[in-house]
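Engineer:
Numbering (the working numbering), first residue to last: 863 to 1093.
Given below as structure tokens:
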């Protein structure tokens, strides 16, 4: 009498990227790319007051938005933002409005003795100056593009979701978990993990191939962060 032998189900290697984790990583990649597109279309990039004056003198800007500063007759100092269009890119510059003897701590930003809008109108009489209240919404920067409100919260949620994939998912490719952890702190680190940390368009690394460890990744993060921050 023959007996029926049942094959045990195959044991999945915890280091193998299954369909679920791969779909999660690719879904996050699509969401991050969509978020970047929104950031470019609706966000702004940091500029300088000198950049704005150069654009005004060149006739490239005829309209700016200035956030509120000190109340009329107020004393002290207030940080104002000036926003303008540089082609398709919206840029912003910050300037201190100062009235009286009190001064802000030196931070490299320009200081104006009068409200920024009036200061610009005095130098460029034909300029259109729109007013806006100073924003109190939370902000975040996505590859240099500042986002406010819901967009800022969405960016944080995507970063946390990617961290969950890194910590709880299969062993990542091309760098250790600690390596990717340090790279996450650089602007392109999140995209790099979603593109290179698992199955994708590029071939899989060879078995036993070298992976970047935490120490090297930390040094690379310092170099990349310093290069991008100084540009």
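Every residue, glycine too, gets a C-beta built ideally from N, C-alpha and C.
How long is the line joining the alpha carbons of residue 953 and residue 1088, rounded to whole angstroms?
Structural biologist: 22 Å
Engineer: Measuring CB atoms only, is the region 1011-1027 touching the region 984-996, in the sense that at least three cross pairs come out at less than 8 Å?
Structural biologist: no
Engineer: Could you have a look at residue 991 and say whether DSSP puts it in helix, strand or coil?
Structural biologist: strand
Engineer: Using DSSP's beta-bridge definition, name the partner residues of residue 1007.
Structural biologist: 907 and 1004
Engineer: Among the candidates 948, 1053 and 1046, whose CA atom is the shortest distance from the CA of residue 1079?
Structural biologist: It is 1046 whose Cα lies nearest to the Cα of residue 1079.
Engineer: When you compare only the Cα positions, how much space is there between residue 1060 and residue 884?
Structural biologist: 7 Å
Engineer: For residue 962, does the count of other Cβ atoms within 10 angstroms reach 16, so buried, or fall short, so exposed?
Structural biologist: exposed
Engineer: For the beta strand (DSSP E) holding residue 955, just list the boundary residues, first then last.
Structural biologist: Segment 951-961, the beta strand (DSSP E) holding residue 955.
Engineer: Under the assumption that residue 951 contacts residue 926 (Cβ atoms under 8 Å), give the Cβ distance between them as a whole number of angstroms.
Structural biologist: 14 Å between Cβ atoms; not a contact.
Engineer: By Cβ distance below 7 Å, which residues in the same chain neighbour residue 893 in space, the five residues on each side in sequence not counted?
Structural biologist: 1020
Engineer: Quick check on residue 1077: does DSSP put it in helix, strand or coil?
Structural biologist: helix
Engineer: Under 7 Å Cβ to Cβ from residue 975, same chain only, skipping five residues before and after it: list those, please.
Structural biologist: 960
Engineer: Can you tell which of 1068, 932, 1051 and 913 has its C-alpha closest to the C-alpha of residue 971?
Structural biologist: 913
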